[in-house]
Amino acid sequence: MDSVARRDFMKSVAGAAALAATGETARAAAAPVAEGGGAVAGGPVFFSTWAFARAANERAAEVFARGGNMLDAVEKGINVIEDDPKITSVGYGGLPNADGVVELDAGIMDGTRHRAASICSLHSIKNPISVARLALEHTTETTYAGAGAFQMALKFGFQPQQLLTPESLRQWQEWRANPNRNTFWVTPENHDTIGMLATDGRGHLVSGCSTSGMAFKIPGRVADSPLVGCGIYADDNAGAATATGNGDLMTNYCTSVTIVHYMARGMSPQEACEELLRWMVRTDSKNRASASAVIAMDPHGRIGAACMNPQFPLQYALWRGGKSEVRNAVVLFP
Ligand code: ASP
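In case it helps, our numbering puts the sequence shown at residues 1 to 334.
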């Protein structure tokens with residue numbers, strides 16, 4: 001970005017904070033090409049799952065405006081959510097596994113290099129997306145888990161810390177004290193991964209995702225969020241996607257890569273998101289009742305967002321042209 005464009009962009013970043021959230025629900029709203037309907041004329045776009053990600057998009061936009069690249073922007077944007085103890089589904093303060101240990105998963109993919117790195121079942125380090133980012137830059141392998149991922153984080157200079165907060169500890173103790181408690185694999189509860197898609201407005205795409213996974217999960221359980229093709233996928237030639245919801249189900253549909261391949265064959269991001277969910281139902285009608293939601297973006301910054309049913313409604317956060325807002329995704333089976 002040249003200096004004039006960057007200055008203009010920084011002005012729009014400053015204006016973004018003042019914008020209020022909206023909550024419109026419409027297929028047209030979920031898949032705008034641009035405000036006004038035309039093709040997106042350059043300019044970065046930051047697009048994330050869930051309303052809380054508005055702050056993440058705004059941080060990502062600031063990082064990019066100050067000269068960071070798209071990977072910096074996505075990493076630092078996601079850090080905002082990982083660092084927030086009030087968000088009990090990502091990073092510090094995320095709800096622990098059945099043994100009371102917080103295990104974090106994250107992944108990031110660079111659509112230009114076609115290269116991703118994933119960190120799974122990481123304990124005691126609050127920013128798995130940053131560990132994944134460093135793994136992407138400094139190693140040639142793709143997926144690291146458990147003790148090895150922790151050792152790698154230490155080598156990168158991360159400081160271990162207790163990730164349980166008084167609130168997450170309280171919720172885990174309450175869950176454990178309940179003799180009739182639901183184990184997460186019977187009744188999936190407590191979703192809310194952050195998945196972020198970003199473009200620089202020049203066709204470069206990045207997909208990132210970070211989560212503490214299902215509350216009170218079986219120790220060692222890893223689902224879609226950190227895995228290439230499931231929770232993350234980006235290819236500058238076709239598009240990027242991410243997912244949230246029942247990751248044990250959605251992993252089996254390789255949601256993100258499937259959506260990107262639909263886009264490679266000519267579908268819009270919105271059509272591709274809906275087709276993926278429809279395919280899940282076509283192959284197993286029970287999936288209509290599932291907690292499944294996906295978002296996608298093409299190299300022009302056009303977006304799509306869809307969830308399966310009103311029992312798991314997806315809100316998404318979108319930053320574009322200095323405007324930062326929250327919208328409702330299309331509900332495929334209302
Ligand atoms: N997909 C995540 C998982 O299953 C949870 C979520 O998106 O809320 O770990």
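Note that beta-carbon positions come from the ideal geometry of N, C-alpha and C, so glycine has one too.
A straight-line Cα-Cα distance of about 28 Å links residue 101 and residue 256. Bridge partners of residue 205 according to DSSP: 199.
Pairing residue 173 with residue 124, the inter-Cα distance amounts to about 19 Å. Comparing alpha-carbon positions, the option among 152, 204 and 98 lying closest to residue 74 turns out to be 204.
Bounds of the beta strand (DSSP E) holding residue 307 are 303 to 307.
Look at residue 258 here: in three-state DSSP terms it is helix.
When Cβ pairs closer than 8 Å are counted between the two stretches, the region 281 to 290 is seen not to touch the region 263 to 271, the count staying below three. Taking the C-beta atoms as reference points, residue 233 is found nearer than 8 Å to residue 109. Contact between the region 157 to 171 and the region 56 to 72 is absent: fewer than 3 CB-CB pairs across the two stretches fall below 8 Å.
The beta carbon of residue 55 sits closer than 7 Å to those of 80, all from its chain and outside the five residues before and after it, given in chain order. Counting the other Cβ atoms within 10 Å of the Cβ of residue 180 gives fewer than 16, which makes it exposed. For residue 173, the secondary structure class from DSSP, reduced to helix, strand or coil, is helix. Less than 8 Å divides the Cβ of residue 78 from the Cβ of residue 194. In the three-state scheme derived from DSSP, where H, G and I count as helix and E and B as strand, residue 327 is classed as strand.
At a Cβ-Cβ threshold of 8 Å, residue 117 and residue 136 count as neighbours. Relative to the non-hydrogen atoms of ligand 1, the Cβ of residue 210 never comes closer than 7 Å to any of them. For residue 227 against residue 107, the beta-carbon gap comes to about 7 Å, under 8 Å, which counts as contact.
DSSP places residue 48 inside the beta strand (DSSP E), whose first and last residues are 45 to 49.
Cβ atoms of residue 290 and residue 249 come within 8 Å of each other, at about 5 Å. Partner residues in the beta bridge of residue 109, as assigned by DSSP, are 116 and 207.
A Cβ-Cβ separation of about 15 Å leaves residue 119 out of contact with residue 92 under the 8 Å criterion. Just measuring C-alpha positions, the residue of 214, 210, 276 and 307 sitting nearest residue 83 is 210. Distance between residue 90 and residue 264, taken at the CA atoms: about 31 Å. Between ligand 1 and residue 196, a heavy atom-to-CB distance of less than 7 Å is absent. About 12 Å separates the beta carbon of residue 207 from that of residue 238, a gap too long to meet the 8 Å contact definition. Relative to the Cα of residue 259, the nearest Cα in the group 230, 196 and 133 belongs to 230. Closest by C-alpha distance to residue 53, out of 315, 309, 323 and 332, is 315.
Remark: C-beta atoms of residue 220 and residue 324 do not approach each other more closely than 8 Å. Under the three-state reduction of DSSP, residue 143 is assigned to strand.
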